[in-house]
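**Student:** Structure provided below as structure tokens; questions to follow.
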Amino acid sequence: MGNGAAHASATPQCLNIHCSKCSLWSNASPNSSQLAALHEKHAIQKGIQLHVAGGRTQGEIKEVAIARGAPRTSHLLLVDDTIIFGIAREEAMLAIKRILRLFGQASEQEVNFEKSSMVVSRNVGDMEKRRMANILGVMLVPRHEKYLGLPTIVGKARGYLFQGIKDRVWCRVQGWNAKLLSQAGRGVLIKAVLQSIPTNVMSCFRLPDYFLHEIEVMMANFWWHSKGERCTHWVGWSEMCKPKEEGGLGFRELKTFNRALLAKQGWRLIKKPDSLVSQTLKAKYFPGLSFLDAQLGSRPSLT
């Protein structure tokens with residue numbers, strides 16, 4: 001919610017709302033074997049921004065907004081990728097392709113169109129979608145599935161989207177031989193490895209309680225060295241999550257930790273109301289109100 005992944009999560013939904021909009025997800029890669037320095041990467045992103053801004057000034061690229069009153073955006077520069085918005089028309093696609101070609105010539109950084117993809121609004125016909133993709137020479141996809149390990153669209157089947165987190169925890173647990181580890185060693189692995197796996201996702205999404213409980217069950221089974229076999233848990237997980245001063249082991253209760261991470265993002269919205277993400281979320285979910293006065297809507301976000 002406070003990073004580029006949150007912007008990516010809002011992008012496809014935005015395009016579904018606004019008719020005849022499309023996004024281009026371009027992945028720029030060096031055409032030499034040498035790695036670019038950090039300042040060069042920043043210069044490259046700045047170059048894309050200037051080229052897109054020039055096209056926007058000439059009216060070739062249109063800005064989009066996901067809600068009434070939200071800031072209008074023509075492009076987003078993320079960690080390693082760039083999203084460019086435009087109208088699903090031939091002249092707009094040609095303008096985007098010309099801008100990317102011009103950027104490649106100026107920076108000597110070729111845009112790999114084969115690894116780039118385009119998402120088009122469902123309001124555009126299938127034949128027109130394919131024609132726009134052929135003009136740019138990119139893949140036509142219904143959505144960008146994930147970015148930096150985070151889903152870009154979250155529907156009703158939330159547990160399925162985050163199944164990869166549980167699978168990673170399960171693989172870690174199965175790869176360790178608990179019988180060869182002391183309880184102190186198992187405690188270190190739980191705190192340093194297992195509980196850190198869902199941290200990135202929990203900082204952006206509110207995960208279902210049952211999903212977090214299933215992860216905690218795997219951690220508890222590992223602590224009591226059970227690999228799929230029945231064993232006695234002499235102390236409940238909630239007691240083990242208490243601070244050591246109170247007789248616990250200091251493990252994190254994932255539900256509380258998830259809420260704390262999201263509260264941190266909320267604090268960023270309060271302290272930085274002029275940021276792009278703050279203005280966008282305010283216009284979408286609580287227009288005319290402050291973050292602290294916002295009410296839960298009928299279709300709330302998971303963030």
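Residue numbering for the sequence shown follows the UniProt record's numbering, starting at 1 and increasing by one per position.
Every residue gets a Cβ at the ideal spot worked out from N, C-alpha and C, and that includes glycine.
Please give the ranges of any beta strand (DSSP E) in the region 210 to 275, keeping only runs that are unbroken, at least 3 residues long and fully inside the region.
**Tutor:** Fully enclosed beta strand (DSSP E) runs of 3 or longer: not present.
**Student:** Let me check understanding here. Comparing Cα to Cα, which of R131, I153, G125 and S116 lies closest to M139?
**Tutor:** In the sequence shown, counting from the first residue as 1, residue 139 sits at position 139. It is S116.
**Student:** Is it true that the region 253 to 269 meets the region 186 to 203, where meeting means three or more beta-carbon pairs spaced less than 8 Å apart?
**Tutor:** Because the criterion of three Cβ pairs below 8 Å is met, the region 253 to 269 and the region 186 to 203 touch.
**Student:** Using DSSP bridges, identify the partner residues of V64.
**Tutor:** Start at 1 with the first residue of the sequence shown, and residue 64 comes out as number 64. Answer by DSSP bridge pairing, in chain order: T73.
**Student:** With H, G and I counted as helix, E and B as strand and the rest as coil, what does DSSP make of I87?
**Tutor:** Numbered from 1 along the sequence shown, position 87 holds the residue referred to as residue 87. Three-state DSSP puts I87 in a strand.
**Student:** Which residue wins for smallest C-alpha separation from T73, given the options W224, F291, Q279 and L261?
**Tutor:** Walking along the sequence shown from the start, residue 73 turns up at place 73. Here the closest residue by C-alpha is Q279.
**Student:** Thinking just about the alpha-carbon of each residue, which of L136, M132, S298 and L207 is nearest to the one in F162?
**Tutor:** The residue labelled residue 162 in the question sits at position 162 within the sequence shown. F162 has its Cα closest to that of L207, out of L136, M132, S298 and L207.
**Student:** By how many angstroms is the C-alpha of K97 removed from the C-alpha of K21?
**Tutor:** By one-based count along the sequence shown, residue 21 stands at place 21. By one-based count along the sequence shown, residue 97 stands at place 97. At K21 the pLDDT is 37, less than 50, meaning the model places this residue with poor confidence; the figure from the coordinates comes in the next sentence. Between K21 and K97, the C-alpha separation is close to 16 Å.
**Student:** Comparing C-alpha positions only, which one of V111, G236, K244 and T152 sits nearest to G137?
**Tutor:** Working through the sequence shown from its first residue, we reach residue 137 at position 137. Taking only the C-alpha atoms, the option nearest G137 is V111.
**Student:** According to DSSP, is L292 helix, strand or coil?
**Tutor:** Residue numbering aside, residue 292 sits at position 292 when the sequence shown is read from its first letter. Reduced to three states, the DSSP call for L292 is helix.
**Student:** Tell me, which residues are paired with K146 by DSSP?
**Tutor:** On the sequence shown, residue 146 is found 146 positions in, with the first residue counted as 1. Answer is P151.
**Student:** If you draw a straight line from the C-alpha of S33 to the C-alpha of Q109, how long is it?
**Tutor:** Position 33 of the sequence shown, counted from the first residue, corresponds to residue 33. Position 109 of the sequence shown, counted from the first residue, corresponds to residue 109. At S33 the pLDDT is 40, less than 50, meaning the model places this residue with poor confidence; the figure from the coordinates comes in the next sentence. The alpha-carbon atoms of S33 and Q109 are separated by roughly 12 Å.
**Student:** Output needed for R130: all residues of its chain with C-beta closer than 7 Å, excluding positions within five of it in sequence on either side, in chain order.
**Tutor:** Position 130 of the sequence shown, counting from 1, holds the residue named residue 130. The residues are L140.
**Student:** Name the two residues that bound the continuous alpha helix (DSSP H) containing G187.
**Tutor:** Your numbering for residue 187 matches position 187 in the sequence shown. First-last of the alpha helix (DSSP H) with G187: Q183 to A192.
**Student:** Considering only the alpha carbon of each residue, which of G164, R89 and E239 lies closest to E145?
**Tutor:** Sequence index remark: in the sequence shown, residue 145 carries index 145 (1-based). Ranking G164, R89 and E239 by Cα distance to E145 puts G164 first.
**Student:** Since R168 and I135 should fall inside the 8 Å C-beta cutoff, what is the C-beta to C-beta distance between them, to a whole number of angstroms?
**Tutor:** Taking the sequence shown and counting its residues from 1, one reaches residue 168 at position 168. Taking the sequence shown and counting its residues from 1, one reaches residue 135 at position 135. No, R168 and I135 are not in contact; Cβ-Cβ is about 39 Å, not under 8 Å.
**Student:** Specify, as a first and last residue, the run of the alpha helix (DSSP H) that I135 falls within.
**Tutor:** Against the sequence shown, residue 135 aligns to sequence position 135. Run containing I135: D126 to L136, per the alpha helix (DSSP H) assignment.
**Student:** Rounded to a whole number of angstroms, what is the C-alpha to C-alpha distance between H51 and I84?
**Tutor:** In the sequence shown, the residue the question calls residue 51 occupies position 51. In the sequence shown, the residue the question calls residue 84 occupies position 84. Note that H51 scores 48 on pLDDT, short of 50, meaning its location in the model is unreliable; the coordinates nonetheless yield the value given after this. The alpha-carbon atoms of H51 and I84 are separated by roughly 11 Å.
**Student:** Under 8 Å by Cβ, that's how I've got V79 and L148 pegged, so tell me the actual separation to the nearest angstrom.
**Tutor:** Residue mapping note: residue 79 aligns to position 79 of the sequence shown, counting from 1. Residue mapping note: residue 148 aligns to position 148 of the sequence shown, counting from 1. About 7 Å; that satisfies the 8 Å criterion.
**Student:** Alpha carbons only, please: which of E245, R186 and L276 is nearest the one belonging to A65?
**Tutor:** Translated into the one-based positions of the sequence shown, residue 65 becomes position 65. Measuring from the Cα of A65, the nearest candidate turns out to be L276.
**Student:** Drop a sphere of 10 angstroms on the beta-carbon of K271, count the other beta-carbons inside from all chains shown, and report buried for 16 or more, exposed for fewer.
**Tutor:** Position 271 of the sequence shown, counted from the first residue, corresponds to residue 271. The residue in question, K271, is exposed, as its Cβ has fewer than 16 Cβ neighbours within 10 Å.
**Student:** Go ahead and pull the three-state DSSP assignment for L140.
**Tutor:** The count along the sequence shown starts at 1 and reaches residue 140 at position 140. Strand.
**Student:** Leaving out five residues before and five after L194 in sequence, what residues of the same chain have Cβ atoms less than 7 Å from its Cβ?
**Tutor:** Here residue 194 refers to the residue found at position 194 of the sequence shown. Answer for L194: V169, R172 and M219, listed in chain order.
**Student:** Note down the Cα distance separating A43 from A70, rounded to an integer number of angstroms.
**Tutor:** Along the sequence shown, one-based indexing puts residue 43 at 43. Along the sequence shown, one-based indexing puts residue 70 at 70. With a pLDDT of 48 at A43, under the threshold of 50, the modelled position of this residue cannot be trusted; read the value that follows with caution. Their Cα atoms are separated by approximately 28 Å.
**Student:** Are the beta-carbon atoms belonging to K62 and I87 less than 8 Å from one another?
**Tutor:** Counted from its first residue, the sequence shown places residue 62 at position 62. Counted from its first residue, the sequence shown places residue 87 at position 87. Contact: yes.
**Student:** Return the first residue and the last residue of the alpha helix (DSSP H) that K166 is part of.
**Tutor:** Taking the sequence shown and counting its residues from 1, the one referred to as residue 166 is at position 166. Taken as a continuous stretch (DSSP letters only), the alpha helix (DSSP H) holding K166 covers Q163 to G175.
**Student:** Does the beta-carbon distance from W224 to C231 come in below 8 Å?
**Tutor:** As a position in the sequence shown, residue 224 is number 224, starting the count at 1. As a position in the sequence shown, residue 231 is number 231, starting the count at 1. Going by C-beta atoms, W224 is nearer than 8 Å to C231.
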